[in-house]
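In the working numbering, the protein residues as written are 1 to 288.
Cβ coordinates follow ideal geometry from the N, Cα and C atoms, glycine included.
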Amino acid sequence: MTITERIKSDYPGYNKTRRRLAGFILDHADRCSLLSLKEIAQLSGVTQVTVLSFCRDMGYRNYAAFRQELQSELISRVDLHERLRLVRETCATDEELCAEFMKFARQMFDVTCANNCYERVTLFARKIACAKRVFVTGHSVTEAPARAMASRLICQGIDARFLDNQNKGEVHCLLTALPPEECLLVAYGITPVGASTLSIARFCAQLNMEIVCVTDAAPSPLNELASVSLACNVRLMNLFNSMFTVFLMNDAIALSLFLELDARQGGAVRDDAELRARFADYDTLSLG
Numbered sequence: 001m002t003i004t005e006r007i008k009s010d011y012p013g014y015n016k017t018r019r020r021l022a023g024f025i026l027d028h029a030d031r032c033s034l035l036s037l038k039e040i041a042q043l044s045g046v047t048q049v050t051v052l053s054f055c056r057d058m059g060y061r062n063y064a065a066f067r068q069e070l071q072s073e074l075i076s077r078v079d080l081h082e083r084l085r086l087v088r089e090t091c092a093t094d095e096e097l098c099a100e101f102m103k104f105a106r107q108m109f110d111v112t113c114a115n116n117c118y119e120r121v122t123l124f125a126r127k128i129a130c131a132k133r134v135f136v137t138g139h140s141v142t143e144a145p146a147r148a149m150a151s152r153l154i155c156q157g158i159d160a161r162f163l164d165n166q167n168k169g170e171v172h173c174l175l176t177a178l179p180p181e182e183c184l185l186v187a188y189g190i191t192p193v194g195a196s197t198l199s200i201a202r203f204c205a206q207l208n209m210e211i212v213c214v215t216d217a218a219p220s221p222l223n224e225l226a227s228v229s230l231a232c233n234v235r236l237m238n239l240f241n242s243m244f245t246v247f248l249m250n251d252a253i254a255l256s257l258f259l260e261l262d263a264r265q266g267g268a269v270r271d272d273a274e275l276r277a278r279f280a281d282y283d284t285l286s287l288g
């Protein structure tokens, strides 16, 4: 049930004030997904306290989480061009729109870097280096970065296979060809995670195969299955899912993996300070 469907279902039980707020949200759901707490309170004719109470009673910790759910519904329901028009209406000029785009892109980059420390990315890469065979999966919008990672791992000398679940029998044979403890699944998925990705991940979990994942910042069922998770901010201008931070994370993983493999082949462990200094510059490197 979507957030607007829940509001419609609960509407008969609301008091007069909450009905005013709920009615405004239902009539202007697309617009509300872009409004601030102050704006939605003023436009609906209720107090900010009422809005916050409404959000908490629906199970959201704050208004931002409630609004993000509205945005997720909008993304799944409204086509790209309509969402572009909606965002454009919030800006006075095209120049302002482009400036907003760049601001959000920088924020996505900053949040993604802040969410993933050096140690976690290094551990993720180490899991790959230790596996005899690595399986990579991702579907829908995450298929492109997942395929790119599989290709990159092969270029780095890793026995990597991309799983697309088109032929479930073939996928089953691949996943069971080697002892599961010798293999690793790298799963890509953003909310809502695709059924195919979840199916493969759950099957690997049943085999006791280790799983690592690259997801968005929202709570993900993949996180419950993975030993290491890397979270990317993929929400651009609140209404679009962008994979550029996921591709950026691929670069970070590839760099860390290169350093790990280089240290192993050299027969010596590099000084951790050197690794940390080189990792800090990953955003300026192109490993493609």
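Asked: Is the separation between the beta-carbon of N233 and that of Q71 shorter than 8 angstroms?; Found: no
Asked: Is the shortest distance between the beta-carbon of L70 and the beta-carbons of chain B less than 8 angstroms?; Found: Structure shown: chain B not included; a single protein chain is present.
Asked: Can you round the beta-carbon distance between A148 and F247 to whole angstroms, since I take them to be within the 8 angstroms contact cut?; Found: 7 angstroms
Asked: May I have the straight-line CA-CA distance separating F24 from D94, to the nearest angstrom?; Found: 29 angstroms
Asked: DSSP on C117, reduced to helix/strand/coil?; Found: coil
Asked: Along the beta strand (DSSP E) that carries V246, what are the first and last residues, could you check?; Found: V246 -> not in any beta strand (DSSP E); alpha helix (DSSP H) instead, spanning 244 to 266.
Asked: Just how far apart, CA to CA, sit L285 and E210?; Found: Note that L285 scores 42 on pLDDT, short of 50, meaning its location in the model is unreliable; the coordinates nonetheless yield the value given after this. So the two alpha carbons sit approximately 29 angstroms from each other.
Asked: Excluding sequence positions up to five away, which residues of its chain have a Cβ less than 8 angstroms from the Cβ of L174?; Found: F135, R161, L163
Asked: What does the Cβ neighbour count give for S9, buried or exposed, with the cut at 16 atoms within 10 Å?; Found: exposed
Asked: My output table needs one value for A22: the three-state DSSP class, helix, strand or coil.; Found: helix
Asked: Decide if the region 192 to 212 is in contact with the region 93 to 107; the criterion is three or more beta carbon pairs, one per stretch, under 8 angstroms apart.; Found: no
Asked: Are there 16 or more other CB atoms within 10 angstroms of the CB of M1, so buried, or fewer, so exposed?; Found: exposed
Asked: Return the bridge partner residues of L230 from the DSSP annotation.; Found: V214
Asked: Using a Cβ-Cβ cut-off of 6 angstroms (strictly less than) and excluding sequence neighbours within five positions of N115, which residues of its own chain qualify?; Found: A231
Asked: So, helix, strand or coil for R61, using DSSP?; Found: coil
Asked: Would you be able to state if there are at least three C-beta pairs under 8 angstroms between the region 179 to 190 and the region 58 to 74?; Found: no
Asked: To the nearest angstrom, report how far apart D27 and R67 are at their CA atoms.; Found: 15 angstroms
Asked: Report the rounded CA-to-CA distance for V171 versus E5, giving the unit in angstroms.; Found: 37 angstroms
Asked: Going by beta carbon distance, what residues of the same chain come within less than 7 angstroms of P311, once the five residues before and after it are set aside?; Found: Here the chain covers residues 1 to 288 and nothing more, so residue 311 does not appear.
Asked: Can you check which of these residues, E73, L255, Q166, is closest to C155 by C-alpha distance?; Found: L255
Asked: Should V228 be labelled buried (16 or more other beta-carbon atoms within 10 Å of its own) or exposed?; Found: buried
Asked: With DSSP collapsed to three states, give me the class of T191.; Found: coil
Asked: Go through its chain and collect everything with a Cβ distance to A268's Cβ below 8 angstroms, but skip five positions before and after it.; Found: Confidence at A268 is low in this model, with a pLDDT of 46, below 50, so its placement is unreliable and no value can be given for it.
Asked: Grab the span of the beta strand (DSSP E) containing T137 for me, first residue to last.; Found: 133 to 137
Asked: Where does D159 land, buried or exposed, given buried means 16+ other C-beta within 10 angstroms?; Found: exposed
Asked: On the three-state DSSP scale, how would you describe A160?; Found: strand
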